[in-house]
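Numbering (our numbering), first residue to last: 193 to 623.
For reference, the structure is listed below as structure tokens.
Given below as structure tokens:
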């Protein structure tokens, strides 16, 4: 049986998953993307969205099938652990919640403080910045502890508020479309297209962590894959249209904008549009941060249930039916990273670990396909045999090839240290 009883409430549907995917992915990056991509490809930028959208959809499709087979909490970790066993599960678990999740949470909350420090300069002081971090972590952790359903209500409200101004820009931009600013000559070079696609790939990434809470989804072998695919498709179309409208409104001036969407809002909606977009930017980062605190503690919870992490992390709150100790522990670790500032040097490693974990999920799918059994049947099955998983591995390999050698060595050392820790854990447990 894949649908194990973890003591959590199954309350979330397809729309909840899709909204969570969108909320996680739409952070501060979207407000900078149009200028970054235009600076590389000019008016041919829309091609990068089509290419990278296809690449990321391949990853999402692989996740979709595996998520229909493994319907417990933990997302990527659960998929790899069920496919390859506890050792690889331990590596995946730690890479996922610490190497990606904790650093992302630290980066996001620093982003919130950076934007708020413009109207409130006092937040540039270490004490008051740390105090803000503490208050936000406590509020968000508590909100997630009192119920996943209540947490999803917050996510829906935040997503709606931050997306409405962007939709308004889209509507105004499409009505006033300037086709003269959209013409382009010839196909861009492969190198430029690759550079732009690499940036976009990580702009789309993160939405798959909405699957970390599969243990709280209704009919998860259907809800997880359909919610993920729906969310990713909406994201790709939404991002592409924002690029189109930005190019239409600003033309060649787009590449010179530090806040391109705010500039577009100023042209299409007036000065009030700029103010709304800045507020929207803060809310966008907060929404992603909130979803991070919702999703990643479930990875610790799942690892503890499997005996890979301290047992107390698998405790379920007797009243709220949420993994409250895992939420508190993850929030505390992310808080320490946020106030230390050391995460800024390590955040680049989080992108490499993300690619590695993506590859682990694809390999898990291939193993499930090659050794079909009744334990993990597919509720959603990809067509074409192993074609999509193999294409996905090629895409991920190409992205990893873009990384610097010293970054890959650092991740390798981290994996080696984790291997030693796991070996020590096994040795002392036998003793």
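Note that beta-carbon positions come from the ideal geometry of N, C-alpha and C, so glycine has one too.
* To do: Measure the CB-CB distance between residue 287 and residue 548 and report whether it falls below 9 Å.
  => Residue mapping note: residue 287 aligns to position 95 of the chain shown, counting from 1. Residue mapping note: residue 548 aligns to position 356 of the chain shown, counting from 1. For the pair residue 287 and residue 548, the CB atoms are nearer than the 9 Å cut-off.
* Give the DSSP-derived three-state secondary structure of residue 597 in the structure shown. => As a working note, residue 597 is residue 405 in the chain shown. Reduced to three states, the DSSP call for residue 597 is helix.
* Check whether residue 439 and residue 235 have beta carbons under 9 Å apart -> Position 247 of the chain shown holds residue 439. Position 43 of the chain shown holds residue 235. Judged by beta-carbon spacing, residue 235 lies within the 9 Å limit of residue 439, meaning their Cβ atoms are closer than that value.
* To do: Inspect the beta-carbon positions of residue 258 and residue 271 and report whether they are closer than 9 Å.
  => Along the chain shown, one-based indexing puts residue 258 at 66. Along the chain shown, one-based indexing puts residue 271 at 79. Cβ distance < 9 Å, so residue 258 and residue 271 count as in contact.
* Do we get a CB-CB distance below 9 Å when we pair residue 601 with the residues of chain D? -> Annotation note: the requested chain D is absent from the structure, which comprises a single protein chain.
* **Presumed contact (8 Å Cβ cut-off) between residue 390 and residue 246, rounded CB distance** => Position 198 of the chain shown, counted from the first residue, corresponds to residue 390. Position 54 of the chain shown, counted from the first residue, corresponds to residue 246. Wrong, their Cβ atoms sit about 14 Å apart, outside the cutoff.
* Residues that residue 409 bridges to, as DSSP identifies them -> For the purposes of this step, residue 409 is taken as residue 217 along the chain shown, with counting starting at 1. DSSP, once it has assigned bridges, lists 204 as partnering residue 409.
* To do: Check residue 573 in the structure and name its three-state DSSP category.
  => For the purposes of this step, residue 573 is taken as residue 381 along the chain shown, with counting starting at 1. DSSP places residue 573 in coil when its eight states are reduced to three.
* Of the choices 568, 609, 584 and 606, whose alpha-carbon is the least far from that of residue 264? -> As a first step, residue 264 must be located in the chain shown, where it is residue number 72. Measuring C-alpha to C-alpha distances from residue 264 to each of 568, 609, 584 and 606 identifies 568 as the nearest.
* Where do the ends of the alpha helix (DSSP H) carrying residue 516 lie? -> In the chain shown, counting from the first residue as 1, residue 516 sits at position 324. Run containing residue 516: 516 to 532, per the alpha helix (DSSP H) assignment.
* Are the Cβ atoms of residue 413 and residue 572 separated by less than 9 Å? -> Mapped onto the chain shown, residue 413 falls at position 221. Mapped onto the chain shown, residue 572 falls at position 380. Yes. Within cutoff.
* **Beta-carbon proximity list for residue 329, same chain, < 6 Å, skipping 5 on both sides** => The residue labelled residue 329 in the question sits at position 137 within the chain shown. Cβ within range, chain order: 523 and 527.
* To do: Measure the CB-CB distance between residue 473 and residue 465 and report whether it falls below 9 Å.
  => For the purposes of this step, residue 473 is identified with residue 281 of the chain shown, where counting begins at 1. For the purposes of this step, residue 465 is identified with residue 273 of the chain shown, where counting begins at 1. In this structure, residue 465 does not lie closer than 9 Å to residue 473 by Cβ.
* **Local Cβ density within 10 Å of residue 605, reported as buried at 16 or more and exposed below that** => Position 413 of the chain shown, counted from the first residue, corresponds to residue 605. By the neighbour-count rule (16 or more Cβ atoms within 10 Å), residue 605 is not buried but exposed.
* What three-state label does DSSP hand residue 306 in the structure shown? -> Within the chain shown, residue 306 is the residue found at index 114, counting from 1. Three-state result, residue 306: helix.
* Asked: Leaving out the 5 sequence neighbours to the left and right, which residues in its chain are closer than 6 Å to residue 373 when beta-carbon positions are compared?
  -> On the chain shown, residue 373 is found 181 positions in, with the first residue counted as 1. The answer, listed in chain order, is 439, 440 and 443.
* Measure the C-alpha to C-alpha separation of residue 193 and residue 612 and round it to an integer number of angstroms. => Mapped onto the chain shown, residue 193 falls at position 1. Mapped onto the chain shown, residue 612 falls at position 420. Since pLDDT at residue 193 reaches only 41, below the 50 mark, its modelled position is unreliable, and no value is offered.
* Assigned exposure category for residue 217 - 16 Cβ within 10 Å defines buried -> Position 25 of the chain shown, counted from the first residue, corresponds to residue 217. So residue 217 ends up on the buried side.
* At least three beta-carbon pairs within less than 8 Å, the stretch 404 to 412 to the stretch 478 to 497 -> Contact holds: three or more Cβ-Cβ distances are below 8 Å.
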